[in-house]
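First comes the structure, then the notes that go with it.
Here's what the structure looks like:
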């Protein structure tokens, strides 16, 4: 046996073995470090050129001159126009007639969901597939958006109660602004299940108010209004139908028409008037809500104009009590009334500014309940269903019930 | 016209910015080896494969990137003052947009452009010569050609791209697919071959007439019969050395790498001389991109900084290089070479001509844990190119004192002669990594609480002395 060779072989194997590399002796500390205190240097405070009290008169003068020059020079130069300002989609959304395919494209309404997420019922709205997502047809989005805008406008013009629902994160401002424009109601938190099907229990105690055609509160039949059944919306605009399945189901049970933003993964039959669009982009949802809000605004304007002319756009409401008890309204005009739930109005009402004081002739009843529920609903079903004559001198004083124009802030 | 018949929607969609984002490139392939490859999945790729997206600040505040849904602020605007993202998927099954930061490549490009380097054609580092190989710009008109460029006809013109594949880099499957493609196109190829045969015969006829002193204008056009053509094909088949150049020409293939020495005696299909713009491309394949890779469009490095006090400077301002891996053993392997990072690009030490400055860098020699942020030293980048795989190859010299002096760069760089006590090993104290100058804590704290801006400014302007 040749020992030398064996050693050599062993040595080779040993060298190939994975070994831990040498631990440097400095890592095994045996001494204590002397300088342990972390000290930060004292820096002399930098010399300030002038304190607040130490400005000379010339310095002050020069500064004022500079500010003045700045104001003067700011008026020079070019004006930037046509720039994209993200805020404008909320502050001043476009009218339905101003919606273009370019605008829809810029607002990302064409981007659907991943192809594996699609609902085949949406195939009629889908233009194609790109980068793994479905692309919604801009033409169809525009057409459906205009149709939905017409619906909102006509419902508003007939004094219906519209409810804007957008419960996703970030949709709050959009929803509130749309409701503010349309003189409608909004919901940006959770829909309480049963608010429609079991409305009397959940919302029965809520405040209601009676308004005249000019959207002014009238104080009459206070007890009757308080006992009036809970109001229901005439139209629900839902910006995220996927999360609000319960709401849409209740609307279906109560024959409340719905408008919904339908992405490629949503069920288009869950709403009455689908708008095929991207529902994830805040810009897309903001555009759609804004357009519908503008449509509602146009409808409200039309209704008030008609009211100024003495026309009613909705059926008259039956008197809640026998007509003998009613205070006589002014003979010259139609005393018309609405019932709405009268929670504190925080958003501006679009209507009352157009009303002349002379015409605001009505009685109103207001429920005293001051409790603020998390859900406001306005009457829909009861609205305008009854019409009766509360006599007046020449014209029949008709009492109509309809929703208020005043949007309410949800607490 | 297909474009005219498009619906307005289709036209709009086509022109939209989102649809204009180019398709992702294929990521670099792993080396076909049976050895285990230890590479990180999250490592920065050698070249970007997806477009980087930015958004204006007003939209950024709303998370609006023009995508399917807003991107969360937590990983974009909260994380970076200038977020740049690349989108992996617009929407996934989980209702999310898959994206990641694209700052790695974007910032590397910005840093590279600050070096003011022109791109050169790749060239092998010569270990023997102390000179860096000559700078040849890929934008020279006789080099910047593809197989369809009109300039290719000029004498001496080179090209950086062929229409055919590089056979030496193909896998078996790819080669089978290519040969199937060739078989399918046999009639056209034969027609092309016949044309080249006619051209060849015409040239021969011309030459012969010239030698015999005949009138060149009276030459009749060459007519090739089918029999002659078949005989030509037969002769080519019999002689691989002759067939090789004809095939490479016919299929427009990049020329093959050099024939191994043990094959020299045998018969093989000889490839013609390379038409590629750099000799490197013959060995490693034609480049995947344009040889400049769009990193820089300047042709020359010959720009001179005119110092207000010292006049024109031979050197550009040196840049700091970080020691990524010191010399010697690394992870149990003794590869030996040091690796440094210059502007986000890894630079091999073998390309760094350290002997220009006398003595090698001490920073490269050993890992010094006592330096906060790692060891750094000043270098002058001298040559940059993109290799066949798309990696940036940067070569840099250690900045000399002459190069550093006019720019007021810290002269207290690593001295090649002295190393810190800690490295020697006999120092048995664990070094402190968070080094701070000494002073009064309380006073400082009050200072920083009352005047944050001024303090920050003071920190910046103040040179922190190096602890020895």
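Residue numbers (this note's numbering), protein chains in the order written: chain A, 1 to 411; chain B, 412 to 879. Ideal Cβ placement from N, Cα and C applies to all residues, glycine included.
With contacts defined as CB atoms closer than 8 Å, residue 107 of chain A and residue 283 of chain A qualify as a contacting pair. Here residue 489 of chain B is exposed: its Cβ has fewer than 16 other Cβ atoms, across all protein chains shown, within 10 Å. Taken in chain order, the members of the segment 468 to 484 of chain B whose beta-carbon sits within less than 9 Å of a beta-carbon on chain A are 469, 470, 472, 473, 474, 475, 477, 478, 479, 480, 481.
Closest option to residue 583 of chain B, judged by alpha-carbon separation, among B:727, B:795, B:443: B:443. Counting along the chain, residue 267 of chain A sits inside no beta strand (DSSP E), nor does DSSP assign it H or E at all. Taking the beta carbon of residue 117 of chain A as reference, the chain B residues within 8 Å of it are 502, 504, 506, listed in sequence order.
The DSSP-derived three-state label of residue 314 of chain A is coil. Sequence-distant Cβ neighbours of residue 683 of chain B in its own chain, meaning closer than 8 Å and more than five residues away, are 655, 656, 659, 660, 666. With a beta-carbon spacing of about 5 Å, residue 531 of chain B and residue 796 of chain B fall inside the 8 Å limit used to define contacts. When 8 Å is used as the limit between beta carbons, residue 463 of chain B is near no residue of chain A, the shortest such separation being about 16 Å.
By the rule that beta-carbons nearer than 8 Å mark a contact, residue 283 of chain A touches chain B.
Under the three-state reduction of DSSP output, residue 696 of chain B falls in the coil class, being neither helix nor strand. Note on residue 164 of chain A: 16 or more other CB atoms within 10 angstroms of its CB, so buried under the neighbour-count rule. For residue 267 of chain A, no chain B residue has a C-beta closer than 8 Å to its own C-beta; the minimum C-beta separation is roughly 16 Å.
By the Cβ test, the segment 518 to 535 of chain B is in contact with the segment 698 to 713 of chain B, since at least three Cβ pairs between them sit closer than 8 Å. Ranked by Cα distance from residue 492 of chain B, the options B:448, B:467, B:480 are led by B:467. In the DSSP assignment, residue 320 of chain A falls outside any alpha helix (DSSP H), carrying neither H nor E. Neighbours of residue 132 of chain A in chain B, taken as residues at a C-beta separation under 9 Å, are given in chain order as 500, 501, 502, 503. Interface annotation for the segment 292 to 316 of chain A against chain B: empty, criterion Cβ-Cβ distance under 7 Å. Short of 8 Å from the beta carbon of residue 243 of chain A, and not among the five residues preceding or following it, lie these beta carbons of its own chain, in chain order: 167, 168.
Here residue 804 of chain B is buried: its Cβ has 16 or more other Cβ atoms, across all protein chains shown, within 10 Å. For residue 207 of chain A, no Cβ of chain B is located within less than 8 Å of the residue's own Cβ. With fewer than 16 neighbouring CB atoms inside 10 Å of its own CB, residue 85 of chain A falls in the exposed class. Using a CB distance cut-off of 8 Å, residue 108 of chain A counts as an interface residue toward chain B. Residue environment: residue 419 of chain B is assigned as exposed (fewer than 16 neighbouring CB atoms within 10 Å of its CB, all protein chains considered).
One Cα belongs to residue 130 of chain A, the other to residue 89 of chain A, and the distance between them is close to 27 Å. Burial state of residue 809 of chain B is buried, judged by a 10 Å Cβ sphere holding 16 or more other Cβ atoms.
Taking a C-beta distance under 8 Å as the contact criterion, residue 423 of chain B and residue 138 of chain A qualify as a contact pair. Residue environment: residue 73 of chain A is assigned as exposed (fewer than 16 neighbouring CB atoms within 10 Å of its CB, all protein chains considered). Residue 496 of chain B is classed as buried because its beta carbon has at least 16 other beta carbons within 10 Å across all chains shown. In this structure residue 598 of chain B is exposed. Its beta-carbon is surrounded by fewer than 16 other beta-carbon atoms within 10 angstroms. Counting only the Cα atoms, residue 430 of chain B lies some 43 Å from residue 544 of chain B. When secondary structure is reduced to three states using DSSP, residue 167 of chain A falls in the coil class, being assigned neither helix nor strand. From the beta-carbon of residue 102 of chain A, the residues of chain B found nearer than 8 Å are 423. A distance below 8 Å between beta-carbons, with the five flanking residues on each side excluded, links residue 479 of chain B to the following residues of its chain, in chain order: 501, 502, 508.
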